[in-house]
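This report refers to the structure that appears directly beneath it.
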């Protein structure tokens, strides 16, 4: 019900235009003083945590990532249409190659998904939709649930996940 209300608010806000005449009625119903203050507090809280979300990569970390990448043996060959064909000796080699090709093709979407999973999408794209997605991410504790369930995953799957992350 909370999610439906949030999506209803999002739909109402996005469909209203000054010429449609629904703005004043919608905003008076949805954005009373308490709601407005809640949104302001949420936005301030999101932006106060900004420095911890985005850190620069140190030279030591770059060396570590380069060393990890050298453990995979993947080949990405693109055909005349640009479609990647990935070859690897092991599953994790192919997984690394898939991630590498994916990041070459659509890194912007990958970045948006990472930010969304961290509850930090509104840092890159400040909009009502982004703030609501961040709010839902925090509300459902999606990241902590994923981290708590990681130990239950079998080792080959963890290796594939790591290979994909290394390919990015």
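In the working numbering, the protein residues as written are 93 to 260. All residues carry an ideal CB built from backbone N, CA and C; glycine is no exception.
Alpha carbon of residue i to alpha carbon of residue j, nearest angstrom
i           : j           : result
residue 252 : residue 219 : 34 Å
residue 215 : residue 148 : 16 Å
residue 184 : residue 194 : 15 Å
residue 208 : residue 181 : 33 Å
residue 192 : residue 259 : 5 Å
residue 178 : residue 241 : 30 Å
residue 189 : residue 229 : 29 Å
residue 217 : residue 151 : 29 Å
Residue environment, residue i, which counts as buried when at least 16 other CB atoms sit within 10 Å
i           : result
residue 244 : exposed
residue 255 : buried
residue 246 : exposed
residue 231 : exposed
residue 224 : buried
Sheet register partners of residue i (DSSP bridge)
i           : result
residue 176 : 170
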